[in-house]
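Colleague: There's a structure below that I have some questions on.
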Amino acid sequence: MAGLGLTLMAIYPNRNDVTIDTPGNTDWASYGGNKAGNRYSTLSQINTGNVKNLKVSWMYDAAAVDGKTDRQPEIQCQPIVVNGVLYGNTPKLKLFALRAHTGEQLWTFDPFKDKTPRYSQNRGVLYWEDGADKRILYSAGPTLYAINALTGKPVAQFGKNGEVDLREGLLDNATVDITKLSVSATSPGVIYKDLLVLGATVSEYGDAAPGHVRAFDIRTGKIRWTFHTVPQPGEAGYETWPKDAYKKIGGANNWAGMVLDEKRDMVYLGTGSPAVDFYGGSRAGQNLYSDCILALNAETGKLKWYYQTVHHDLWDRDIPCQPNLITVTHKGHKVDAVAQSTKDGLIYVLDRDTGESLFPVEERAVPTSGLPGEHPWPRQRFPMKPVPFARQVFTEADITDRTPEAHAFVKERFLKTRSGSKFMPPSLEGTLFFGIGGGAEWGGNAADPDGILYQNSNEMVWDLKMADLAARNAEIASKGKTLYQTNCAACHGIDRKGSGDAYPSLVNIGSRLSGQDIQAILKTGRGRMPSFEHISEQDRSTLVRFLLNTETKASETDDQHSAGRPTAVAAKSEYPYIPPYINNGWTRFVDPDGYPAVKPPWGTLNAIDLNTGEYLWKVPLGEFPELTKQGIPITGTENYGGPIVTAGGLIFIAATYDERIRAFDRKTGKVVWEYQLPAGGFATPITYQVSGKQYVVIAAGGVKNGHKPGGSYIAFALP
Numbered sequence: 001m002a003g004l005g006l007t008l009m010a011i012y013p014n015r016n017d018v019t020i021d022t023p024g025n026t027d028w029a030s031y032g033g034n035k036a037g038n039r040y041s042t043l044s045q046i047n048t049g050n051v052k053n054l055k056v057s058w059m060y061d062a063a064a065v066d067g068k069t070d071r072q073p074e075i076q077c078q079p080i081v082v083n084g085v086l087y088g089n090t091p092k093l094k095l096f097a098l099r100a101h102t103g104e105q106l107w108t109f110d111p112f113k114d115k116t117p118r119y120s121q122n123r124g125v126l127y128w129e130d131g132a133d134k135r136i137l138y139s140a141g142p143t144l145y146a147i148n149a150l151t152g153k154p155v156a157q158f159g160k161n162g163e164v165d166l167r168e169g170l171l172d173n174a175t176v177d178i179t180k181l182s183v184s185a186t187s188p189g190v191i192y193k194d195l196l197v198l199g200a201t202v203s204e205y206g207d208a209a210p211g212h213v214r215a216f217d218i219r220t221g222k223i224r225w226t227f228h229t230v231p232q233p234g235e236a237g238y239e240t241w242p243k244d245a246y247k248k249i250g251g252a253n254n255w256a257g258m259v260l261d262e263k264r265d266m267v268y269l270g271t272g273s274p275a276v277d278f279y280g281g282s283r284a285g286q287n288l289y290s291d292c293i294l295a296l297n298a299e300t301g302k303l304k305w306y307y308q309t310v311h312h313d314l315w316d317r318d319i320p321c322q323p324n325l326i327t328v329t330h331k332g333h334k335v336d337a338v339a340q341s342t343k344d345g346l347i348y349v350l351d352r353d354t355g356e357s358l359f360p361v362e363e364r365a366v367p368t369s370g371l372p373g374e375h376p377w378p379r380q381r382f383p384m385k386p387v388p389f390a391r392q393v394f395t396e397a398d399i400t401d402r403t404p405e406a407h408a409f410v411k412e413r414f415l416k417t418r419s420g421s422k423f424m425p426p427s428l429e430g431t432l433f434f435g436i437g438g439g440a441e442w443g444g445n446a447a448d449p450d451g452i453l454y455q456n457s458n459e460m461v462w463d464l465k466m467a468d469l470a471a472r473n474a475e476i477a478s479k480g481k482t483l484y485q486t487n488c489a490a491c492h493g494i495d496r497k498g499s500g501d502a503y504p505s506l507v508n509i510g511s512r513l514s515g516q517d518i519q520a521i522l523k524t525g526r527g528r529m530p531s532f533e534h535i536s537e538q539d540r541s542t543l544v545r546f547l548l549n550t551e552t553k554a555s556e557t558d559d560q561h562s563a564g565r566p567t568a569v570a571a572k573s574e575y576p577y578i579p580p581y582i583n584n585g586w587t588r589f590v591d592p593d594g595y596p597a598v599k600p601p602w603g604t605l606n607a608i609d610l611n612t613g614e615y616l617w618k619v620p621l622g623e624f625p626e627l628t629k630q631g632i633p634i635t636g637t638e639n640y641g642g643p644i645v646t647a648g649g650l651i652f653i654a655a656t657y658d659e660r661i662r663a664f665d666r667k668t669g670k671v672v673w674e675y676q677l678p679a680g681g682f683a684t685p686i687t688y689q690v691s692g693k694q695y696v697v698i699a700a701g702g703v704k705n706g707h708k709p710g711g712s713y714i715a716f717a718l719p
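By UniProt numbering, the letter at position 43 of the sequence shown is numbered 43, and the numbering carries on one by one without gaps.
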């Protein structure tokens with residue numbers, strides 16, 4: 001098979017472009033479709049007139065490559081196609097190469113062969129070539145790999161036999177065992193000449209590693225430049241943090257991907273919130289460069305401009321997706337712009353050269369009454385155009401009216417909580433608000449050459465309530481419970497009930513997993529859950545006993561002062577920071593039947609003209625069939641994964657709770673084709689052409705939000 005791959009690759013000339021037209025072939029050779037992140041294809045063989053005839057062409061069972069297990073991880077990968085070969089990853093992060101027109105496997109690579117797995121999400125891979133040297137770059141757990149694109153073998157000259165540890169160089173200014181911290185790269189970066197510019201995914205708690213943006217030499221794996229998102233002494237922005245914050249504050253990382261303007265030699269990216277989420281008492285100040293859109297010189301990493309969307313973030317409002325590089329007509333002139341969507345449903349349209357907003361943005365006073373020790377920023381930004389594509393504040397008028405019982409249940413809770421501002425600081429009393437799980441999410445958006453942006457959106461209410469950690473720990477009778485409160489409650493809730501399927505209930509975890517299984521997950525991580533290897537093995541065992549309700553009296557009397565404090569970290573380290581207040585978990589607020597607590601729509605697809613800032617259409621995305629049968633109009637659903645748009649007049653998107661992939665008419669927003677997938681397609685599709693035939697491919701991994709597991713890549717084409 002490797003020989004066949006070599007033959008296919010040798011047919012085509014040397015090139016580094018991302019969208020390539022050759023006789024009969026059009027590639028999808030980059031995450032986001034091209035280096036601008038447009039998710040746009042010039043293909044039109046499949047169009048509004050014939051899309052109804054679209055059929056399954058081939059399926060690739062990626063889960064079978066892993067070996068069937070009780071429950072596979074999900075797949076969020078948007079694969080790439082280069083020279084007629086499709087590259088992607090399995091649920092357990094094995095890399096594979098397929099013939100893109102048949103799905104026939106050419107080779108696979110197992111990153112965890114003879115190793116302890118360190119699972120993470122992976123949303124895509126990158127391709128680079130220089131003459132005969134052709135490489136796939138991708139990450140699995142804390143490791144960046146360079147793999148020969150023809151053979152599937154590691155490139156020995158890159159790092160150590162094809163591997164670079166993503167944790168190296170992150171903590172030069174702190175005394176800490178970096179190998180115990182959670183670092184991965186869920187979204188691929190961009191390739192500029194012989195550099196891979198890459199962000200990272202890190203913990204969001206007090207043990208978060210720094211979110212530096214780095215450029216790696218593609219040939220050797222060495223770091224060529226680093227941009228500190230939490231500035232160090234002498235760097236611009238250092239004054240927006242407490243002194244020496246860089247030694248103990250992590251996060252502010254680019255986890256959602258980036259884009260490249262080769263003409264300007266610039267890379268554009270967004271950053272996340274600083275650690276810890278929901279409490280910023282240790283980081284008084286504006287906190288640059290967290291929650292920023294950044295323009296960096298791709299050759300040097302030097303900052304050209306920044307635009308901060310949230311000052312001193314207390315709401316986990318990371319920049320959630322790649323920016324989109326577009327050209328619009330503004331005030332009668334063509335302007336190269338960068339469009340950035342946000343978790344709270346906003347779109348910033350900025351001049352690519354200056355970072356100035358093309359549309360008006362107001363800075364308004366916001367509430368500043370926070371928890372003790374907190375320092376809420378007194379003003380925040382409000383873009384005037386485009387208007388938000390998701391609701392901003394949960395009001396009484398938004399309360400569901402699906403049934404009288406659901407309305408009464410939600411209203412009772414609403415009247416007991418705080419509301420009125422999307423920037424209400426987190427509190428012990430609790431807040432119901434939008435903006436954690438979208439608006440926009442990591443699937444991003446698509447843009448056509450006319451400057452129209454196609455954005456899917458979530459309309460979920462989240463229930464945030466803080467707790468005093470010291471007071472709660474003082475009431476705890478066991479070390480295991482203290483460990484849980486300190487390390488796990490922020491996601492799975494103080495009561496262990498979780499927040500739906502994203503953070504599952506741990507109340508009866510023993511019915512699903514053995515103690516050995518839980519130990520393995522704590523050590524290696526899985527899905528959104530990072531590795532907890534920074535906690536000592538003894539403490540992990542104590543935590544497992546607590547989760548299984550088998551903690552003994554002996555363990556209850558262990559030294560409580562050490563509970564929750566990673567013993568692998570040196571005494572002089574500023575890590576980890578243990579905040580005095582923790583959140584109740586990432587908790588969706590739903591009605592008694594499990595449906596969203598607000599009136600529909602619960603998920604939408606939007607077409608926004610960024611030349612004018614006006615909406616062309618907004619339609620529900622997804623449905624609950626049981627509600628449709630009751631005569632309820634299509635509601636839309638929570639959705640994860642993004643759209644693509646084609647010259648054939650179509651938008652393709654899966655992402656929805658009902659496990660379907662759909663094609664929309666890009667002019668009207670009307671559904672013109674849909675297909676029931678064998679499992680949820682919580683990824684972004686691609687389209688490409690091989691030997692004159694156009695294909696659309698989606699990863700149907702399932703799992704997310706409690707769905708059945710899948711593990712297939714499915715290709716569609718016309719008969």
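Ideal Cβ positions, reconstructed from N, Cα and C, are used throughout, including at glycine.
Computed from a prediction, not measured in an experiment: that's the story for all the values here.
#1: LYS618 by DSSP, collapsed to three states: which one?
#2: Between the beta-carbon of PRO142 and the beta-carbon of ARG167, is there less than 7 Å?
#3: Report yes if the C-beta distance between ASN473 and GLY603 is below 7 Å; otherwise report no.
#4: Looking only at its own chain, which residues have a Cβ that is under 6 Å from the Cβ of LEU86, when we skip the five neighbours before and after it?
#5: Express the C-alpha separation of GLY251 and LEU483 in angstroms, rounding to a whole number.
#6: What would DSSP say about GLY706, mapped onto helix, strand or coil?
#7: Between residue 725 and VAL690, which are expected to be in contact by the criterion C-beta below 8 Å, what is the C-beta distance as a whole number of angstroms?
#8: Leaving out the 5 sequence neighbours to the left and right, which residues in its chain are closer than 7 Å to THR557 when beta-carbon positions are compared?
#9: Within its chain, find whatever has a CB closer than 7 Å to the CB of ASP398; leave out the 5 residues flanking it on each side and keep chain order.
#10: Buried or exposed: where does ILE452 fall if 16 or more other Cβ atoms within 10 Å of its Cβ makes it buried?
#11: Name the DSSP bridge partner or partners of VAL598?
#12: Leaving aside the five residues before and after LYS553 along the sequence, list all residues of the same chain whose C-beta is less than 8 Å from its C-beta, in chain order.
#13: I'd like the span of the beta strand (DSSP E) that includes HIS333, first residue to last.
#14: Give me the residue from VAL155, LEU144 and LEU150 with the minimum Cα distance to residue 720.
#15: State the beta-bridge partners of GLN121 as determined by DSSP.
#16: Going straight from the alpha carbon of VAL51 to that of ALA446, what length do you get?
#17: Drop a sphere of 10 angstroms on the beta-carbon of PRO201, count the other beta-carbons inside from all chains shown, and report buried for 16 or more, exposed for fewer.
#18: Across the region 610-625 and the region 398-412, are there enough close Cβ pairs to call them in contact, namely three or more that are closer than 8 Å?
#19: Measuring CA to CA, which of SER203, TYR205, SER120 and PHE96 is closest to THR151?
#20: Report the rounded CA-to-CA distance for LYS180 versus GLY162, giving the unit in angstroms.
#21: By alpha-carbon positions, which one of PHE278, ARG224 and LYS115 ends up nearest to PRO580?
#22: Closer than 8 Å is the cut-off here; do at least three beta carbon pairs connect the region 292-312 with the region 352-365?
#23: Got a sec, what are the start and stop residues for the alpha helix (DSSP H) VAL65 sits in?
#24: Output needed for VAL703: all residues of its chain with C-beta closer than 6 Å, excluding positions within five of it in sequence on either side, in chain order.
#25: Tell me which residue opens and which closes the alpha helix (DSSP H) that VAL410 is part of.
#26: Counting along the chain, where does the alpha helix (DSSP H) carrying ARG496 start and finish?
#27: Assign ASN473 to one of three DSSP states: helix, strand, or coil.
#28: Which same chain residues end up closer than 7 Å to ALA208 when comparing Cβ atoms and leaving out the 5 residues on each side of it in sequence?
#29: Excluding five sequence neighbours on each side, which residues of the same chain lie with their C-beta closer than 6 Å to the C-beta of ALA663?
#30: Please return the same chain residues whose Cβ sits closer than 7 Å to the Cβ of GLY669, not counting the five positions on each side in sequence.
#31: Which residues mark the beginning and the end of the alpha helix (DSSP H) in which PRO625 is found?
#32: Count Cβ pairs between the region 333-343 and the region 365-372 that sit closer than 8 Å; are there 3 or more?
#33: Have a look at GLY438 and PRO233 and give me their C-alpha separation to the nearest angstrom.
#34: Report, in whole angstroms, the separation of the C-beta atoms of residue 721 and ALA36, which I expect to be a contact under 8 Å.
#35: Using DSSP's beta-bridge definition, name the partner residues of SER712.
#36: Just verifying my parser: in three-state terms, what is the DSSP assignment at ALA554?
Modeller: Walking through what the data contain:
#1: strand
#2: yes
#3: no
#4: PRO79, LEU98 and ALA100
#5: 22 Å
#6: helix
#7: Residue numbering for the chain in the displayed model covers 1 to 719; residue 725 lies beyond these limits and cannot be assessed.
#8: Residue confidence is low: THR557 scores 35 on pLDDT, short of 50, so the model does not pin down where it sits. Its coordinate-derived value is still stated next. Excluding positions up to five away in sequence, the list is empty.
#9: ARG391, VAL598 and LYS599
#10: buried
#11: ILE399
#12: Low confidence applies here, because LYS553 scores a pLDDT of 45, under 50, leaving its location unreliable; read the following figure in that light. Excluding residues within five positions, none has a Cβ falling inside 8 Å.
#13: 333-341
#14: This structure does not reach residue 720, given that the chain is present from 1 up to 719, and the question cannot be answered.
#15: GLN121 is not bridged to any residue.
#16: 19 Å
#17: One detail in the question is off: residue 201 reads as Thr in this sequence, not Pro. THR201 should be labelled buried.
#18: no
#19: PHE96
#20: 22 Å
#21: PHE278
#22: yes
#23: 62-66
#24: GLU74 and PRO709
#25: 404-414
#26: Looking at the DSSP string, ARG496 is not in any alpha helix (DSSP H), and its letter there is neither H nor E.
#27: helix
#28: VAL202, GLY250, GLY251 and ALA275
#29: VAL51, LEU650, PHE652, VAL672 and TRP673
#30: LEU605, ALA607, TRP617 and VAL619
#31: 625-629
#32: no
#33: 35 Å
#34: No answer is possible for residue 721: it lies beyond the span of the chain, which begins at 1 and ends at 719.
#35: ASP61 and ALA700
#36: Residue placement at ALA554 is flagged as unreliable, the pLDDT there being 39, under the threshold of 50; the coordinate-derived value follows with that caveat. ALA554 falls in the helix class under three-state DSSP.
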